Structures are given as C-alpha cells and as structure tokens.
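Visitor: Those protein sequence lines, which keep their order, are chains F and A.
208 is the number that this note's numbering gives to position 208 of the first sequence; each next residue is one higher, with no gaps.
In short: position in the second sequence from 1, add 218, done, that's this note's numbering.
2 protein chains.
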Amino acid sequence: MAKTIAVILSGCGRGDGSEIHESVLTLLAIARMGARAACLAPDIMQRQVLNHLTDQVDINEQRNVLVESARIARGEIQNIRDADFSQLDAAIYPGGFGAALNLSDFATKAADCEIQSDVLAFAKHMANAHKPQGFICIAPVMISKIYGAGVLHTIGNDNNTARAINSMGGIHQDCAVDEMILDTKHKVVSSPAYMLAKSITEVEAGITKLVRAVIEMI
Amino acid sequence: MAKTIAVILSGCGRGDGSEIHESVLTLLAIARMGARAACLAPDIMQRQVLNHLTDQVDINEQRNVLVESARIARGEIQNIRDADFSQLDAAIYPGGFGAALNLSDFATKAADCEIQSDVLAFAKHMANAHKPQGFICIAPVMISKIYGAGVLHTIGNDNNTARAINSMGGIHQDCAVDEMILDTKHKVVSSPAYMLAKSITEVEAGITKLVRAVIEMI
Numbered sequence: 001m002a003k004t005i006a007v008i009l010s011g012c013g014r015g016d017g018s019e020i021h022e023s024v025l026t027l028l029a030i031a032r033m034g035a036r037a038a039c040l041a042p043d044i045m046q047r048q049v050l051n052h053l054t055d056q057v058d059i060n061e062q063r064n065v066l067v068e069s070a071r072i073a074r075g076e077i078q079n080i081r082d083a084d085f086s087q088l089d090a091a092i093y094p095g096g097f098g099a100a101l102n103l104s105d106f107a108t109k110a111a112d113c114e115i116q117s118d119v120l121a122f123a124k125h126m127a128n129a130h131k132p133q134g135f136i137c138i139a140p141v142m143i144s145k146i147y148g149a150g151v152l153h154t155i156g157n158d159n160n161t162a163r164a165i166n167s168m169g170g171i172h173q174d175c176a177v178d179e180m181i182l183d184t185k186h187k188v189v190s191s192p193a194y195m196l197a198k199s200i201t202e203v204e205a206g207i208t209k210l211v212r213a214v215i216e217m218i
Numbered sequence: 219m220a221k222t223i224a225v226i227l228s229g230c231g232r233g234d235g236s237e238i239h240e241s242v243l244t245l246l247a248i249a250r251m252g253a254r255a256a257c258l259a260p261d262i263m264q265r266q267v268l269n270h271l272t273d274q275v276d277i278n279e280q281r282n283v284l285v286e287s288a289r290i291a292r293g294e295i296q297n298i299r300d301a302d303f304s305q306l307d308a309a310i311y312p313g314g315f316g317a318a319l320n321l322s323d324f325a326t327k328a329a330d331c332e333i334q335s336d337v338l339a340f341a342k343h344m345a346n347a348h349k350p351q352g353f354i355c356i357a358p359v360m361i362s363k364i365y366g367a368g369v370l371h372t373i374g375n376d377n378n379t380a381r382a383i384n385s386m387g388g389i390h391q392d393c394a395v396d397e398m399i400l401d402t403k404h405k406v407v408s409s410p411a412y413m414l415a416k417s418i419t420e421v422e423a424g425i426t427k428l429v430r431a432v433i434e435m436i
C-alpha cells in the first residue's frame, strides 16, 4: 500500500491562499517518492481576496477556501472536517499567506493567533496519533498551537516571525532556503521555501527534503 | 545572458484557465535549465468561471485572465500586448481549458476557432521571427491558426481533437504522455501532459522534454 500524505490547502494564490508553487512542488515530491497525496481544505470563506496583479485587496470579492483550493487539487479535494484518518499516514501544510489568513489568524494576531477550528482538530488528531507533519514557509507559525511548547522549527530567518514563534513557546532555529529543520521527537518538519527563496528551484530543493523527511518518519 | 522564455498563461485553474501543475512545472523546468521565465497573459475577461470543487460553471462570477494568471506568476506578469520581443527568445503555452476558452475559442468553435487578437499577434510575431514555441496539453490546437497548414504536432491521442487539428491543416501525430513531438522546420514543440497524464510525474516528464527542446532550438 502506498503511503498517503494529506496536503492541507488554504486557497489558491500566495497573497490570500496557498502558495501555488509550494503546493504543486509538494504534490510532485510526494508522487516522485511513490506516495499518494490527499488534498484537504476547510470549507470556509477566505479572509480576503487579493488581486495578485496589483497587490491590492479586492473588497468586493468573496471566495471559498475549499473551492479555490480545488484549483490546485484539480478537483480532487475534500473538506478537512471529513478527513478519513484511517487512510492518512502524514500531513503537509504548504505556505502562502492563506496559512496565516485562513488556516489561522496569525496575519493579524501574531503570537495571539488561533487556528481555524476544523484545521486545529485535524492537526491535533494527527499529532496525537504521532503521525509526521510538515510545515512550509509561513505555515510553521501554527506548530506551537497544535503541539504546545517545545517544538523545534523554522520559518527561515525573519526576526519578527521568529520572535513570535519563540513567544508562543516554539524553539525557532534559522534555516537555509534549501534545507529543513527536523524535530524527531514530535515528528515535525519545517522548511522556509518562499520565506527566503529567490527562485522556484530553491523552493523545490527545500520541499523535496521536507517531503522525504516526512515520508521516512511514517 | 540567460535565455528568456515567455510563458503564456490563460487564468489559474484547469477548467477555466491555465492548468496549474503544467504551468508550475514549466516554470520549474525553465529555471532548472538556467533560463528565465517571463509570464504574459491577455488582459481580457475569462469566458467562464468554473467551480473546481463541483465542476459547475458559476454564472454569477467574472474574473480577468491577467489578474488570475498573476496568481501562478506570483505577481510577476505583464499584459501580452506589452511584450518586449527584444527580450524574448522563445515562448511556451501551458494547457488547461483556458487555452481553448480564453486564448482561443476552440472549446466552442473547434476547427473554426480563432485566437484572441493580442495572443495571435504575439504568437505570429514569435513565429515570424523564427523563435521556438512550445505548446502543452490542449494548447496545440492553436498552432495551425498561428503558422498555417503543415505543422507537425500532438495533443496525445484524442480522436476528436486530432481530427479537428487535421481539418485545420495541421499534421497530428499521436504521442505518449512522457514524450513530445518536434517540428524542427517551424521550431514548434508539443506534448500531451494532462490530455493523457494520470499523475503529476508523467506531466513533469513530458514538459521537461518540451522545455529542453525549446531551449535547445534558441
């Protein structure tokens, strides 16, 4: 049986959803390693819709996280609330501002953030089952709210975000763009991707290592 | 100087724009080969907006091709009308239904299709300058309208689409998912990608060969 990795999406676009390159390269790395991806997203409205051409929020537009995530998943996606845990061996959370806007409210609350209830229930269930989870780019800001204090992780080297992570009880460690940070005790992996990357090949390098580490811990 | 490849996008999503995996894997292959991608799209409204979760057209929604394409391009995209040809060595057209809905009207007109005027002007300019162009998935249906009759190309092995290509004067040749068809005289490359692919790794294999062929012909 192929190992199955849940990929948790937060919309479709770096500024209001899942970072598209990070998400696709996660799916690619999973497939290359002979595992299966199962995309999931919460069925909630996006906190905002960003015009990615002008970088302005479109205040007249409303989009649904699950519906937009389905673009990346080519329609093969489920409401995270309906996840069948018996079929899932691990989970990976790509970045994009959607992780801080839709999966959590880190974008506005920083260290006081909360994780969206369906996503939190899912992630805690995976953590409690000791199934490995990987967090990419800005998504690692959710780790302390899932696992509690004391988990080693990274968002690259951004001082403000690292400080917020440490004040939530996390242990932030700087990390190069093409590397990942592994907390073996908690089975948590993180990699900076577009928090640092200047090219799509840099993103691919870090994500490939993250996916390999996740799969090896299953 | 790095070679620069224009990547022509048609929105963001397989059902009403650019196929996201094909687009990202095109950008990845270009970067891996040491070339530079320059994303372009027409500044027009999408012919439709598809809910990719339900597969139903949302008749109340309107989206702009350039604005949605900017999601894949991470904001780094230009109106195709403003393309600086002096900077462009080649062009690649990823698939997705947007190629048949927005870049052309093949989805409704088949062999009687026309290409959107800005896209046609761009593509003809590249063809006349004898710069190589690559067409992925359903995008090859535009080739005969750009080059005229007699160009060898593929959309995989779909009979109806192959027949439409032949009736436009094209020479359709069946092609495996992980291969590409090369017309060296016209410097035109095509590959089936999700016209045939059952996995993202199959898409990557064909697109990588297509991108390599395009770059080698510069």
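No residue lacks a Cβ here, since even glycine has one placed at the ideal position from N, Cα and C.
Owing to the predicted nature of the structure, the values given are computational and were not obtained by experimental measurement.
If you draw a straight line from the alpha carbon of V421/A to that of D396/A, how long is it in whole angstroms?
Guide: V421/A and D396/A: Cα-Cα distance of roughly 7 angstroms.
Visitor: Quick one: grab the DSSP three-state call for L400/A.
Guide: Note: L400/A maps to strand in three-state DSSP.
Visitor: With respect to the alpha helix (DSSP H) encompassing V421/A, which residues constitute its N-terminal and C-terminal limits?
Guide: Element bounds for V421/A: 418-434.
Visitor: Out of Q78/F, I44/F, A162/F, which one is the CA nearest neighbour of A139/F?
Guide: Taking only the C-alpha atoms, the option nearest A139/F is A162/F.
Visitor: Is the shortest distance between the beta-carbon of T419/A and the beta-carbons of chain F less than 9 angstroms?
Guide: Yes, because at least one Cβ of chain F sits closer than 9 angstroms to the Cβ of T419/A.
Visitor: Tell me whether H390/A sits in a helix, a strand or coil according to DSSP, three-state version.
Guide: Note: H390/A maps to strand in three-state DSSP.
Visitor: Take the Cβ of T108/F as the centre, count every other Cβ of all protein chains shown within 10 Å, and call the residue buried at 16 or more, exposed below.
Guide: It is exposed - the Cβ of T108/F has fewer than 16 other Cβ atoms within 10 Å.
Visitor: Could you work out which residue in G98/F, S86/F, S69/F, R32/F is closest to Q48/F when comparing CA atoms only?
Guide: The shortest Cα separation from Q48/F among G98/F, S86/F, S69/F, R32/F belongs to G98/F.
Visitor: Should the segment 352-369 of chain A be called in touch with the segment 400-410 of chain A, which here means at least 3 C-beta pairs below 8 angstroms?
Guide: A contact exists between the segment 352-369 of chain A and the segment 400-410 of chain A.
Visitor: Go to R232/A, then tell me how far its alpha helix (DSSP H) extends in each direction, as first and last residue.
Guide: R232/A -> no alpha helix (DSSP H), and no H or E assigned at all.
Visitor: Does DSSP put T222/A in a helix, a strand or coil?
Guide: In the structure shown, T222/A sits in a strand (DSSP, three-state: E or B).
Visitor: Quick check on Q87/F: does DSSP put it in helix, strand or coil?
Guide: Note: Q87/F maps to helix in three-state DSSP.
Visitor: Which residue comes first and which comes last in the alpha helix (DSSP H) that contains V406/A?
Guide: Here V406/A belongs to no alpha helix (DSSP H); instead the beta strand (DSSP E) covers 406-409.
Visitor: Does any residue of chain F have a CB that is nearer than 9 angstroms to the CB of R265/A?
Guide: Cβ-Cβ to chain F under 9 angstroms: no for R265/A.
Visitor: Look at the alpha carbon of F222/F and the alpha carbon of A37/F, and state the distance between them as a whole number of angstroms.
Guide: Because chain F in this structure spans residues 1 to 218, residue 222/F falls outside the shown range and cannot be described.
Visitor: Are the CB atoms of G388/A and G374/A nearer to each other than 9 angstroms?
Guide: No. Outside cutoff.
Visitor: Exposed or buried, N60/F, counting other C-beta atoms within 10 Å across all chains shown (16 or more means buried)?
Guide: The residue in question, N60/F, is exposed, as its Cβ has fewer than 16 Cβ neighbours within 10 Å.
Visitor: Only counting the same chain, and skipping five residues up and downstream in sequence, which positions put a Cβ closer than 8 angstroms to that of N64/F?
Guide: Result list for N64/F: D43, I44, M45, Q46, in chain order.
Visitor: Kindly identify the DSSP beta-bridge partner or partners of N282/A.
Guide: For N282/A, which the question treats as bridged, DSSP gives the partners M263/A.
Visitor: What is the rounded straight-line gap between the Cα of T4/F and the Cα of A431/A?
Guide: Distance between the alpha carbons of T4/F and A431/A: 35 angstroms.
Visitor: Given S287/A, which residues of its chain have a CB within under 8 angstroms of its CB, disregarding the five upstream and five downstream residues?
Guide: Within the same chain, S287/A has close Cβ partners L227, S228, G229, C230, G235, S236, C257, A259, I295.
Visitor: Would G98/F count as contacting chain A if we go by Cβ distances under 9 angstroms?
Guide: No, its Cβ sits nowhere closer than 9 angstroms to a Cβ of chain A.
Visitor: I'd like the ranges of any alpha helix (DSSP H) spanning at least 4 consecutive residues and lying wholly in the segment 320-385 of chain A.
Guide: Whole alpha helix (DSSP H) segments, 4+ residues: 324-327, 335-346, 361-365, 377-385.
Visitor: Using Cβ-Cβ distances below 7 angstroms, what residues of the segment 52-65 of chain F are close to chain A?
Guide: Under the 7 angstroms Cβ criterion, the segment 52-65 of chain F contributes H52, L53, D55.
Visitor: Can you list, in chain order, the residues of its chain whose CB lies under 6 angstroms from that of K209/F, leaving out five sequence neighbours each side?
Guide: So the list reads M180, once near-sequence residues are dropped.
Visitor: Name the residues in the segment 220-232 of chain A whose C-beta lies less than 9 angstroms from a C-beta of chain F; which are they?
Guide: Those would be C230, G231, R232, in chain order.
Visitor: Would you say L40/F reaches chain A, if we count a Cβ-Cβ gap shorter than 9 angstroms as a contact?
Guide: Chain A, which has no Cβ nearer than 9 angstroms to the Cβ of L40/F, makes this no.
Visitor: If we count the other Cβ atoms within 10 Å of its Cβ and call it buried at 16 or more, is M219/A buried or exposed?
Guide: M219/A should be labelled exposed.
Visitor: Quick check on the burial criterion: 16 or more other C-beta atoms within 10 angstroms. Buried or exposed for E22/F?
Guide: Classification of E22/F: buried, given that the 10 Å Cβ count is 16 or more.
Visitor: May I have the straight-line CA-CA distance separating I433/A from T244/A, to the nearest angstrom?
Guide: Those two C-alpha atoms are separated by around 12 angstroms.
Visitor: Taking Cβ positions only, does V24/F come closer than 9 angstroms to chain A?
Guide: Yes, V24/F lies at the interface with chain A (some Cβ there is under 9 angstroms from its Cβ).
Visitor: List the DSSP bridge partners of A37/F.
Guide: In the DSSP output, where bridge partners are listed per residue, A37/F has I5/F.
Visitor: For Y412/A, list the residues DSSP reports as bridge partners.
Guide: BP columns for Y412/A are empty, so no partner.
Visitor: Residue range of the alpha helix (DSSP H) that I248/A falls in?
Guide: Where I248/A is concerned, the enclosing alpha helix (DSSP H) stretches over 238-250.
Visitor: Whose CA, out of D401/A, C331/A, A249/A, A291/A, lies closest to the CA of H348/A?
Guide: For the residues D401/A, C331/A, A249/A, A291/A, the minimum Cα distance to H348/A belongs to D401/A.
Visitor: I need the boundaries of the beta strand (DSSP E) containing I77/F, first residue and last residue.
Guide: Unbroken beta strand (DSSP E) run through I77/F: 77-79.
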